[in-house]
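Visitor:
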Amino acid sequence: MSKAFDFSQSIKGDNAFDGFMLPTGSGNGEAGELRFNSTTGQMEYWSPEDFNPQWRGMDEDPVTSPTAWYLVIGGGGGGGAGYAGGGGGAGGYRTSYGTGNISGGLTPVEDPIEISFNTAYDLTVGTGGAKGTSGNRGSNGGSSTFHNITSDGGGGGGTYANSADEGGRDGGSGGGAGGAYGSGLSTYPGGTRTANQGFSGGSGHKGGSTCWSGGGGGGAGTAGANGSDTTGTGAGGDGIANSITGSSVTRGGGGGGGNHSTCNQTDADNGGSGGGGRGRHLSQGDAVAGTDGTGGGGGGGGDSTTENGQVGGSGVVILRTPGGVNAAFSAGVTVNGTAVSSDGTNVNGAAISGSSDLLWTVTVASSDTVTFTEQ
């Protein structure tokens, strides 16, 4: 705090009242102290009742339990098989960390969770969806859950079929549709998204007897692109960057569509940014899997009826709390690189550069739990 003001100095020589000059210091305060925040233009009081004592706006109540910020991403969908398989959609993307429209589908960040000590919270990390084989669609990824926050798995990519299997599957982000024989866009569209979790997949392209191209899987931040005569397969939709770990990382990219070898292909890598796998093309090689830990969609297959797609990437649950918190996990969880072998094992939160907060990155969990306690 700055030096306390002097009442006598707030009275001008002509007896005109000049008002109280409140301190604007940036350090810690004491109970009963007030300050003016020159950045926000608001009056604040020092709240010793907060779990981590802090300055609060005059209309804010203390938060006596710690807050958990989260990034929950479902597993990515698998890419479709066939001459022109669709890319898998990215896993659903939900976050409470950051500001603005940076949650899935470019929606506003959600409210963090006020956690209660000694309460077991549900915890699951979705696996990546299986790749499409032998002319079949890719499978959806698994859902990821923290407490009451669930992010759906991404939709599997469609296949070359001239049937309903040509369409991409619905999911957190929709899978791209497969391409087929004919003319123009595929009869069957890309899969639809889950609201507030991602974007839809692109349509495949029918290019007569020489060019069939799959649509890109939807990403957390943009839709999958349609297949095209001009550009070849549809690119996977892009993911979204988030700094919950202390560094900006993009996750939730859709898988790229695959195509027939005679199609044009302008993009060397048509997987969406944030872990989306590239689709199959003769000059680029086999389809590529989505990146684990990002919920990225798998790339679509191409060139023959039996050319396989690729698997989606696994999802992730990232939790960030203030310092002074312990977290115990059930057996089977892998968190911060540690495989938990017995229930109730405490795993220390990772330090975050420039912050007193703690971080837990969960990469494997299946109907497990996390329980927080005070240090």
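For the sequence shown, our numbering begins at 5 and goes up steadily by one.
C-beta atoms are modelled at their ideal positions from N, C-alpha and C, and glycine is treated no differently.
1. Are three or more beta carbon pairs between the stretch 191-208 and the stretch 153-169 nearer than 8 angstroms?
2. Tell me which residue opens and which closes the beta strand (DSSP E) that Arg39 is part of.
3. Under the rule that 16 or more other beta-carbon atoms within 10 Å means buried, what is Pro66, buried or exposed?
4. Could you give the residue range of the beta strand (DSSP E) that holds Phe376?
5. Gly142: which of Gly180, Ser120, Gly109 sits nearest, CA to CA?
6. Looking at C-beta atoms only, is the number of pairs between the stretch 96-112 and the stretch 215-225 that lie closer than 8 angstroms three or more?
7. Using the Cα positions of Thr298 and Thr234, report the straight-line distance between them to the nearest angstrom.
8. Which runs of the beta strand (DSSP E) at least 3 residues long sit entirely within the stretch 83-136? Give them in chain order.
9. Which of helix, strand or coil does DSSP assign to Ala168?
10. State the beta-bridge partners of His285 as determined by DSSP.
11. Do Tyr192 and Gly171 have their beta-carbon atoms positioned less than 8 angstroms apart in this structure?
12. Keeping to the same chain, check which residues put their C-beta closer than 8 angstroms to that of Pro326; ignore five residues upstream and five downstream.
13. On the DSSP letters alone, give me the boundaries of the beta strand (DSSP E) that Gly259 sits inside.
14. Roughly how many whole angstroms lie between the Cα atoms of Glu114 and Ser107?
15. May I ask you to report which of helix, strand or coil DSSP gives Asn200?
16. Work out the CA separation of Phe150 and Ile117 for me, nearest whole Å.
17. What does a CB cutoff of less than 6 angstroms around Gly139 pick up in its chain, not counting 5 residues either side in sequence?
Guide: Inspection of the coordinates gives the following:
1. yes
2. That run of the beta strand (DSSP E) goes 38-41.
3. exposed
4. 372-378
5. Gly180
6. yes
7. Their backbone Cα atoms lie some 30 angstroms apart in a straight line.
8. Listed in chain order, the complete beta strand (DSSP E) runs (minimum 3 residues) inside the stretch 83-136 are 97-99, 124-128.
9. helix
10. Gly289
11. yes
12. Hits under 8 angstroms: Phe55, Asn56, Pro70, Thr71, Ser360, Asp361, Leu362.
13. Premise fails: Gly259 is in no beta strand (DSSP E) and is neither H nor E.
14. 8 angstroms
15. Taken through DSSP and simplified to helix, strand or coil, Asn200 comes out as coil.
16. One C-alpha to the other measures close to 10 angstroms.
17. Ala85, Gly86, Thr163, Thr309
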